[in-house]
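Numbering (the numbering used here), first residue to last: 329 to 499.
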């Protein structure tokens with residue numbers, strides 16, 4: 329097989345692997361379009377190429393698995409845990425820390441982070457349980473626990489990281 333035929337076969341293989349991705353997540357040639365990437369919706373599941381690329385493929389964008397959350401909701405949860413703000417009606421990092429410590433230590437017994445992600449052209453805060461770059465072996469176990477604690481109806485979803493939103497081949 330000639331180099332040209334091999335390259336053509338690889339291009340066809342890659343096209344098949346990314347066919348199920350939203351256009352906003354498909355690999356782009358530089359310069360990468362942040363405007364397009366920001367439109368990425370929350371994904372209920374990840375295509376295999378986003379979870380486990382082959383060694384010869386670029387590293388996919390980082391996606392976080394979790395639930396959207398607002399500062400107001402975090403403060404509401406903190407009040408439910410008995411937290412009393414020092415100054416009423418003020419954003420309080422102590423309240424956020426109290427809720428996150430409770431979630432990690434009592435609810436899911438697993439690390440979690442607060443992250444900013446892109447979702448449908450908005451910057452959204454989420455409680456991230458893991459990423460496609462560093463998946464958790466317990467993600468199927470901890471997702472339902474957080475779902476119940478937050479009173480969510482839907483399962484956690486995957487959200488595009490605001491810093492690592494494009495395919496990387498330069499690593």
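Where is the CB? At the ideal position from N, CA and C, for every residue including glycine.
- A distance below 6 Å between beta-carbons, with the five flanking residues on each side excluded, links residue 367 to the following residues of its chain, in chain order: 352 and 449.
- DSSP places residue 330 outside both helix and strand once states are collapsed to three, so it counts as coil.
- The beta carbon of residue 436 is closer than 6 Å to those of 470, 473 and 474 in its chain, skipping five residues each way along the sequence.
- Going by DSSP, residue 470 is part of the alpha helix (DSSP H) stretching over 467 to 478.
- Taking a contact as a CB-CB distance under 8 Å, the pair residue 493 and residue 365 counts as one, their CB atoms being some 4 Å apart.
- Counting every other CB atom within 10 Å of its CB across the protein chains shown gives residue 485 a total of 16 or more, marking it as buried.
- Beyond the five residues adjoining it in sequence on each side, residue 431 comes within less than 8 Å, by CB distance, of 440, 455, 474 and 477 in the same chain, given in chain order.
- If you look at residue 364, you'll find it in the alpha helix (DSSP H) that goes 362 to 365.
- Here the alpha carbons of residue 334 and residue 373 stand approximately 31 Å from one another.
- One Cα belongs to residue 405, the other to residue 337, and the distance between them is close to 53 Å.
- Counting only runs of at least 4 residues, the segment 372 to 408 fully encloses the following alpha helix (DSSP H) elements, listed from N- to C-terminal order: 376 to 379 and 399 to 408.
- Following the DSSP letters along the chain, one finds residue 421 inside the alpha helix (DSSP H) bounded by residues 421 to 430.
- Close CB contacts of residue 354 within its chain, under the 7 Å cut and outside five residues either way in sequence, are with 346 (chain order).
- In the DSSP assignment, residue 488 falls within the beta strand (DSSP E) that extends over 485 to 489.
- The beta carbon of residue 379 lies closer than 6 Å to those of 460 in the same chain, with the five residues before and after it left out.
- For residue 376, the closest of 339, 424, 349 and 421 by C-alpha to C-alpha distance is 349.
- The residues 444 and 490, in chain order, have a CB closer than 7 Å to that of residue 451 in the same chain once the five nearest residues on each side in sequence are set aside.
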